[in-house]
Amino acid sequence: MPYNAARASRLQKGTEVSPFGRIRPYARLAWGLKDYLGAPPLALEPCRQLVREGLVQRERNLLRIVERAVFRNPVSPYRELLALAGCEYGDFERMVHASGVEATLHKLRGEGVYLTHEEFKGKRALVRGGRHLRFQESDLDNPLLGSEFEIRTSGSRSAGTRVKTNLGRLPWPDRLRYIGRAIGRKVTG
């Protein structure tokens, strides 16, 4: 293939995917498929237990996720929003322990720590306190989750939303129904 300076520039800037980059998601998908298809369905009681454990460890899990996915993530828009609100990790941790999850999140929302749907979709600029914050769609990815492939939602008025996922996070229909029952919701599928 002849040298193409424009294509080389796109590859270097990351706006064009190399042939290896195109194959990699399929390899990750194939590797994850063996575990996904071999996983046994969950029964109702283990799903109820998962929900109970999740509720008991809710504060601890939130603190761990926020510390690692937001405060240790230099590209997280939430990190910048928290900084504008004058909130460092220690402040966040103290608020959660003192007031609980809901009260902390409500207080921070009042201080501008949120994204509207339009901001999340990139349809409106993210502005807080007169500051324009810039972020890319990929900055919202959870760095704690590995992903085997990406899917895109079917947006009716836009290109849709890119969602990185892995097969371990996609429940079998009966798992989804059981988890729904465990939390008192009807789930179809």
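Positions 43 to 231 (this note's numbering) are the ones given, in order, by the sequence shown. Beta carbons are placed, not taken as given, at the ideal position from N, Cα and C, and that holds for glycine. Note that the structure is predicted; figures quoted are calculated from it, not measured.
Any idea what DSSP makes of residue i, helix, strand or coil?
i, result
"L168", "strand"
"T158", "coil"
"P116", "coil"
"M130", "The question names Met, but residue 130 in the sequence shown is Glu. E130: coil per DSSP, three-state reduction."
"D26", "The structure shown does not extend to residue 26, since the chain spans only 43 to 231, so no value can be given for it."
"L104", "helix"
"P82", "coil"
"G152", "helix"
"A140", "helix"
"G96", "helix"
"L147", "helix"
"L187", "coil"
With which residues is residue i paired in a DSSP beta bridge?
i, result
"H174", "V169"
Given that a residue counts as buried once 16 or more other Cβ atoms are within 10 Å of its Cβ, and exposed if not, what is residue i?
i, result
"S118", "buried"
"V98", "exposed"
"R121", "buried"
"R52", "Bear in mind that a pLDDT of 45 at R52, under 50, signals an unreliable position, so the number given afterwards is only what the model happens to contain. By the neighbour-count rule (16 or more Cβ atoms within 10 Å), R52 is not buried but exposed."
"V169", "exposed"
"L186", "exposed"
"L150", "buried"
"T146", "buried"
"L86", "exposed"
Quick one: what's got a C-beta closer than 6 Å to residue i's C-beta in the same chain, skipping five residues either side?
i, result
"Y131", "E109 and F113"
"N184", "A111"
Among residues of its own chain, excluding the 5 on either side of residue i, which ones have a beta-carbon nearer than 8 Å to its beta-carbon?
i, result
"L105", "F134, E135 and V138"
"G171", "L126 and G154"
"L124", "V112, F113, E130, F134, L150 and V155"
"G96", "N103"
Which residues in the same chain as residue i place their Cβ atom closer than 7 Å to its Cβ, once the five residues preceding and following it in sequence are excluded?
i, result
"R100", "V143"
"T57", "Bear in mind that a pLDDT of 49 at T57, under 50, signals an unreliable position, so the number given afterwards is only what the model happens to contain. Closer than 7 Å at Cβ, skipping near neighbours: no residue."
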